[in-house]
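Asker: Numbering (our numbering), first residue to last: 27 to 357. Even glycine gets a Cβ: it sits at the ideal position worked out from N, Cα and C. Quick caveat, the model's predicted, so the values are computed rather than measured.
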Amino acid sequence: MGLDATVARLRSSLLRWLMMLWSGLALGAHSFSSHPHRVLHDLLSEKQLLEVEDLSLSLLQGTGPGPLLLPPDLPDLEPECRELLLEFANSSAEMTGCLVRNARPVRLCQTCYTLFQQVTSKMDNISRAVGNSSESHGCARSLLMTDRMQIVVILSEFFNSTWHEANCANCLTNTSEELSNSTIHFLNLFNYTLTCFEHNLQEISHSLPQPRNYSEVCKNCREAYKTLSSLYNEMQKMNELKNKAEPGTHLCIDVEDAMNITRKLWSRTFNCSVPCSDTVPVIAVSVFILFLPVVFYLSSFLHSEQKKRKLFLPKRLKSSTSFANIQENSN
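In structure tokens:
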């Protein structure tokens, strides 16, 4: 596109130069008020005028009598640089298509990780490329730093930021070459749970024309759902331990989206619930906390009554002794 634009500009400049030449010829014979075409007809023959017009049209259409030579200081991409750019373009197109196709339901990390590695590899090849020409016209400089837009850099940053926001590294091994074992196990359980839902829904649809009671789904798929939920909680804990330096780090978007889908189906669509195994201890602790104020006020009341008895007892004894002494003195 840059080369074509340059050629177009050169042709336009050459055409303007021809028009100035025509105007100069006209000014040599008449004043500024004269008509250029009329002067050209006077100075040139009809045949010469047609040749000039044909030459101008051929320059505009790119079909001149000879090749249009570019100035030597106008750089063009070397073959190896153009090949690197084409490879990055192809890998970027494949990566973009993979992201869009797996946007809903989210399957980015498990489907596009090989393509992301290819895009990263092609970008690294461009960054390390120098080219056969001088240093100022190397492949890295020509493709990454020549213009203001820097399209290659923008695309590379978009893929990197998307991959980082999706936390896809948490679904892969340390080398990012394949899915981790925990992710594979979770996805298998997720597919098994969805298959259980679908199988029981088909049985209900055969038995009832408009199924509204999903008790069979809740009963038959309870264990599968509990196992999937427990595994998800374990993966969250492991991820928190792994990323202590970065609190709040999420699991990869594929796992989170799969768990969200399963929970919505279980709770909202099927109206199922899993009984909590810690219900009895929770109830006991709650009752104990509720009775704490009663115990506190009761103990305070009893303690205060006991103090009153201790305080009033000596006064009674003293009054009785005094009354006895008075009676003896009177006698």
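So if DSSP puts leucine 205 in a beta bridge, which residue, or which two residues, is it bridged to?
Answerer: For leucine 205, which the question treats as bridged, DSSP gives the partners Leu198.
Asker: In this structure, how does DSSP classify alanine 239 when only helix, strand and coil are distinguished?
Answerer: One point to set straight first is that residue 239 is asparagine, not alanine, in the sequence displayed. Reduced to three states, the DSSP call for asparagine 239 is coil.
Asker: Are the CB atoms of leucine 181 and phenylalanine 212 within a distance shorter than 8 Å?
Answerer: no
Asker: Considering only the beta carbon of each residue, do tryptophan 292 and tyrosine 251 sit closer than 8 Å?
Answerer: yes
Asker: Checking 8 Å against the spacing of the C-beta atoms, do phenylalanine 296 and cysteine 222 come in under that value?
Answerer: no
Asker: Less than 8 Å between the beta carbons of serine 208 and threonine 199, yes or no?
Answerer: no
Asker: Within 10 Å of its beta-carbon, does methionine 264 have 16 or more other beta-carbons around it, so buried, or fewer, so exposed?
Answerer: exposed
Asker: Can you give me the C-alpha to C-alpha distance between threonine 137 and cysteine 194, rounded to a whole angstrom?
Answerer: 11 Å
Asker: So, for serine 218: in the same chain, excluding its five sequence neighbours on each side, which residues have a beta-carbon less than 7 Å away from its beta-carbon?
Answerer: Residue 218 is actually tyrosine in this sequence, not serine. Cβ neighbours of tyrosine 218 beyond the five flanking positions: Ala250.
Asker: If you follow the alpha helix (DSSP H) that asparagine 265 is in, where does it begin and where does it stop?
Answerer: 248-268
Asker: Between the Cα of methionine 201 and those of Arg133, Thr253, Tyr139, Arg174, spot the shortest distance and give me the residue it belongs to.
Answerer: It is threonine, not methionine, that sits at residue 201 in the sequence shown. Among Arg133, Thr253, Tyr139, Arg174, the Cα nearest to that of threonine 201 belongs to Tyr139.
Asker: Keeping to the same chain, check which residues put their C-beta closer than 6 Å to that of isoleucine 287; ignore five residues upstream and five downstream.
Answerer: none
Asker: I'd like to check one pair, serine 117 with glutamine 5: are the Cβ atoms closer than 8 Å?
Answerer: Because residue 5 is not part of the residues shown, which for the chain are 27 to 357, the question remains open.
Asker: Give me the residue from Lys268, Leu125, His225, Met149 with the minimum Cα distance to arginine 189.
Answerer: The sequence given here places tryptophan at residue 189; arginine does not occur at that position. For tryptophan 189, the nearest C-alpha among the options comes from Leu125.
Asker: Sort Arg248, Cys247, Glu282 by Cα distance to glutamine 262 and report the nearest one.
Answerer: Glu282
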